[in-house]
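The opening residue of the sequence shown carries number 125 in this note's numbering; numbering runs sequentially from there. All C-beta atoms in this analysis are idealised placements derived from N, C-alpha and C, irrespective of residue type, glycine included. To start, the structure itself, in structure tokens.
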Amino acid sequence: MAFTNKNNKITVKGFLSSNITEVPNSSYALTFMIKVPRPAQQDRRIIYDEFMVYVCDNKNATNARANLTTGVSVKVTGELRIWHDGSYRICANDIQPIW
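As structure tokens, this is what we get:
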């Protein structure tokens, strides 16, 4: 399922901070967390923002299972959405490992 709402489009670059988890009752939906460093002043500690990524199409789910592990740098493009439990998630259209 492609997410096509252009108003909520987001692209983030970070690294996987959790294992890939399969969503119950779905054959190809996945979730994982990525950490994105915030721009910081020099000589300050680095602060990270953490995003939950939701993958629900077979192509990206297969790609994520084959190429992504904890600690791998990744670029995620998709929609930022508010989930039914009130949390924010990126519904991914494109996931690319950064080598």
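Relative to Asp209, the option among Asn217, Asn184, Met176 and Asn182 whose CA is nearest is Met176. Looking at Gly138, Thr145, Tyr178 and Ala153, the one whose alpha-carbon comes closest to that of Lys159 is Gly138. Here Val147 is not near Val200, since their CB atoms are 8 Å or more apart. The shortest C-alpha to C-alpha distance from Leu154 to any of Ser197, Gly202 and Thr186 is the one to Thr186. Taking a C-beta distance under 8 Å as the contact criterion, Ser197 and Pro221 qualify as a contact pair. For Thr186, no beta strand (DSSP E) run applies; the uninterrupted alpha helix (DSSP H) run containing it begins and ends at Asn182 to Asn191, by DSSP. If you draw a straight line from the Cα of Asn143 to the Cα of Ile219, it comes to about 15 Å.
According to the DSSP assignment, Arg205 belongs to the beta strand (DSSP E) that extends over Ser197 to Ile206.
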